[in-house]
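According to full-length UniProt numbering, the sequence shown is numbered sequentially starting from 1.
Beta carbons: idealized from backbone N, C-alpha and C, even for Gly.
If you're wondering where the values come from, they're calculated on a predicted model, not measured in any experiment.
One structure below.
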Amino acid sequence: MAAMSVIGIDFGNQSSYVAVARAGGIETIANDYSLRATPSCVAFSEKSRILGVAAKNQQITNLDNTFSGFKRLLGRKYNDPAVQAELRELPFKTVQQKNGGIGIKANFQGETHVFSPEQITAMFFTKLKDTSEIALKTKVNDCVISVPSFFTDAERRALLDAAAIAGLNVLRLMNETTATALAYGIYKEDLPAPEEKPRNVIFVDCGYSSLQVSACAFHKGKLKMLASASDPNLGGRDIDLILAEEFNKNFQQKFKVDARSNPRAFLRLMNEVEKFKKQMSANSTKLSLFIDCFIDDKDVSGEMKRADMEALCSHLLQRVEKTLKQCLEESKLKLDEIYSVEIIGGSTRIPAIKQLISNVFNKTASTTLNQDEAVARGCALQCAMLSPAVRVREFSVTDIQNYPIKLVWDANMGENGEMEVFSLHHAVPFSKMLTFYRKEPFSIKAYYSGQIPYPDPYIGQFVVKDVKPTSSGDSAKVKVKVRVNLHGILTVTSAKREVPVENDQQPMDETAPAPAQPEPMEASPKQDAPPGADATHENNPEEEQEKKEEKKSGKKITITELPIESFTNGLSLVDINNLLELECKMIASDKQEKERVDTRNALEEYIYELRGELNNEPCNDPNGRLSLCQFVKEADHKSLIKQLDDLETWLYEDGDECSRQIYAEKLSSLKNIGEPIKMRQQEREQRPIAFNEFVASIQQAIGVVEQFRAGSKLYNHLVEADVAKVEQSINSARKWVEDKLAESSSCPLIENPAITVAQIRQERLNFEQEVSPILKKAKRKPAPASDSPAPNDNNSNGQQQQQQQPSADGDQKQPADHNSGEKMDVE
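Structure representation (structure tokens):
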């Protein structure tokens, strides 16, 4: 079952999908509502959390305490303009945290709590994890989670923190565009060989909240991302908002109602226009929108054509075209070099967007991939490739860096204090080695140098510690390894201090004199892994380079590992552990509340069921089934009905918020009264069936005995003594059945039965165990005849003839189509 726990999560702004690698393929997991898409929604009731589909279903009635759209808040600051634009469209309340982050206010268990977007995301991941474990019937730990290609270092770290709080081990944060490319390429059997020209494919992903376009080159067994362009704030929800505003204008003029003044009404309008937009994608004629009891019990309606929608959204379509052209330009591909254009995401179903794709790339958009589940399937494939528990076809994946990264440090003796280490669309994962000459600890700061959808380009600061001069007082040579890892996150993975020594000396102490060092030089990047090398199979060219330097200089080099202190975005390990503990407590609380509610519902259901059956009129069932009230005394019947009524009243008044234990005790007490009555009814219904089954077994045995007495060839192998035993068992069984039938028929319905169905079936089983070994006794097969008896063996020949004699009699031959043992099975 270990292989079953390899999952991929497509974490979307509106809804999410979970896919799993198993049974030789990839399948999408259905949730507890048998839906493959789980709304990215978290809500709180007074007693517990509500997650996924259930949270979405109660959003209108619990607006202030239901949270969606939190994906776009991860890793961002409260004063970020993009965050403020998001919050204006979100109905829940937020506050600014002490660290400048976003706090989401929720009423939970009678108190006001403030949760971070990472905590809310972790709660949702807990739901996806639970859904996966139920479907796979095993624990889920390792996963690959999709991330928009435009997410920055801070957002990626926040997503990893959220997964850690949920108890998930993320093997990789995979760009959605790259996951799509993997889902497309791994099943293609006709990809060109490595020495041939690649197959270039454009992927367009236009979803609910963003647009991503990427170019990818495929060879047999590998893919390489070429370029990526995105518009983080352009998706289906922007079209929905424009349509909602337009319809609201009409409602104000025609019906004098303003949906903007009522958050619940505007949410209803947004939900309706989303459905309306989907209808317009399939119909070019004028369509009508109708909402009943919209505001102040007023019904509202409006109409629109697809052409009108495209005119209202023309500025959005221009942005789509701009992003498509940007990707084409940065990929440096000519139109005739593009093999196909694959589309995914719900918004790519809009005809105007399909037409734009055809115009820009001069190709009809292809729908080879599942438009909703391709990203999740790609993530599941990547997780299977990274997991040792699953065997997957080898397929190399080379991603790209979507924003240039530069490093800045304090210049030293003429050094340049800044360098762009990873350029736009640089291969990822990738490491580079920087060489510094320093006498004391120093720091390196990382920034994005390109246009990013984030107000602050700062990534983090890395302090290289314990740097000391050489024994001669010169600057020590320090090599710093900088890496963009599988998650697309920048890290400084190692720092080494190198000091050369003479060949004929032992590695010397730092206090000993050392040869003079060259002048400090500009930090020079050295390639640590070839472009496209997989991080998990990274070679180590540093050691080879050091050996070459040793050989060239004729000197040995002592290497000292230096500690690195990182100051980056994201939570500390202590914070994550504390939040993980809090999440576990909330999971336990949710479980207890669910058990309490389930027990209460079970009590309520039993009250209704028992009272309903007791109130049925006698013999009113069309199938002749006796009413339950016929199995209880009249006085007890009235008392029980009153008890059920009182219990129902208590349940909806004083007993509405009781503990699970109280409900369980009342249910047990009630069942002690109700179950014996139900048992008498069930026994009354099942007893004739059990008696008939017993009688049928007896009749079968009688039939065999009668055939034996008549001299049937089928049973002439039985002996008289055995048949007499069977007759004795038959007589005993018949008498038992007759006696018990008389007892049960004389027993009143309101009393427990004199003989139970279980006793009848056990008696039948005992009877069959007595007679079956005799009646199933196999018939002896005749010995085969010999045409030529062996010479000089008279005694043997005589015995053989004697054994053949019964078979020579035609009457003794066993029919070819009969098996006496099978035919005599009384069951």
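Burial state of residue i, where buried means 16 or more other Cβ atoms lie within 10 Å
i, result
"Asn-402", "buried"
"Ala-65", "Residue 65 is actually Asn in this sequence, not Ala. Burial call: buried."
"Gly-235", "buried"
"Cys-584", "exposed"
"Asn-716", "exposed"
"Val-574", "exposed"
"His-487", "buried"
"Ala-758", "exposed"
"Leu-35", "exposed"
"Thr-364", "exposed"
"Ala-122", "buried"
"Glu-706", "exposed"
Check whether residue i and residue j have beta carbons under 9 Å apart
i, j, result
"Val-499", "Ala-476", "yes"
"Arg-764", "Ala-690", "yes"
"Glu-415", "Thr-180", "no"
"Leu-644", "Leu-628", "no"
"Cys-383", "Asp-10", "no"
"Gly-345", "Gly-185", "no"
"Phe-92", "Leu-51", "no"
"Val-484", "Val-428", "yes"
"Asn-569", "Arg-157", "yes"
"Pro-232", "Pro-117", "no"
"Val-482", "Ser-443", "no"
"Ala-37", "Phe-67", "no"
"Lys-479", "Leu-434", "yes"
"Leu-356", "Leu-324", "yes"
Residue i Cβ short of 8 Å to the ligand ATP heavy atom set
i, result
"Gln-630", "The ligand ATP is not part of the structure shown, which contains no ligands of any sort."
Residues near residue i in its chain [Cβ-Cβ closer than 6 Å; skip 5 each side]
i, result
"Ser-566", "Phe-462"
"Lys-678", "none"
"Leu-562", "Val-464, Asp-466, Ala-495 and Arg-497"
"Ala-19", "Gly-8, Ile-26, Thr-28, Ala-376, Arg-377 and Ala-380"
"Arg-596", "Arg-660"
"Ile-291", "Glu-272 and Val-300"
DSSP three-state assignment for residue i, whether helix, strand or coil
i, result
"Pro-81", "helix"
"Arg-625", "coil"
"Pro-39", "strand"
"Ala-476", "strand"
"Arg-76", "coil"
"Gly-674", "helix"
"Arg-438", "strand"
"Val-392", "coil"
"Asp-809", "Only weak support exists for where Asp-809 lies, its pLDDT of 39 falling under 50; the value from the coordinates is given anyway. Residue state, collapsed to three classes: coil."
"Asp-161", "helix"
"Lys-129", "helix"
"Val-320", "helix"
"Gln-461", "strand"
"Thr-367", "coil"
"Gly-703", "helix"
"Ala-30", "coil"
"Leu-333", "coil"
"Asp-598", "helix"
"Thr-493", "strand"
"Ala-721", "helix"
"Ile-350", "coil"
"Asn-578", "helix"
Close beta carbons around residue i, own chain, < 8 Å, minus the five adjacent residues each side
i, result
"Ser-288", "Ser-301, Gly-302 and Glu-303"
"Gln-316", "Per the sequence shown, residue 316 should be read as Leu rather than Gln. Closer than 8 Å at the Cβ level, and outside the excluded window around Leu-316, lie Leu-234, Asp-238, Ile-239 and Ile-242."
"Arg-684", "Leu-626, Phe-631, Leu-749 and Pro-753"
In DSSP terms, what residue i is bridged to
i, result
"Pro-500", "Ile-557"
"His-219", "Lys-222"
"Arg-49", "Phe-44"
"Gly-8", "Ala-19 and Val-144"
"Asp-240", "None, per the DSSP bridge assignment."
"His-113", "Ala-106"
"Cys-747", "Cys-747 is not bridged to any residue."
"Cys-206", "Leu-211"
"Thr-178", "Answer is none; Thr-178 lacks a bridge partner."
"Thr-66", "Ala-43"
Own chain residues within Cβ distance below 7 Å of residue i, not counting five before or after
i, result
"Gln-119", "Ile-165 and Leu-579"
"Ile-350", "Ser-281"
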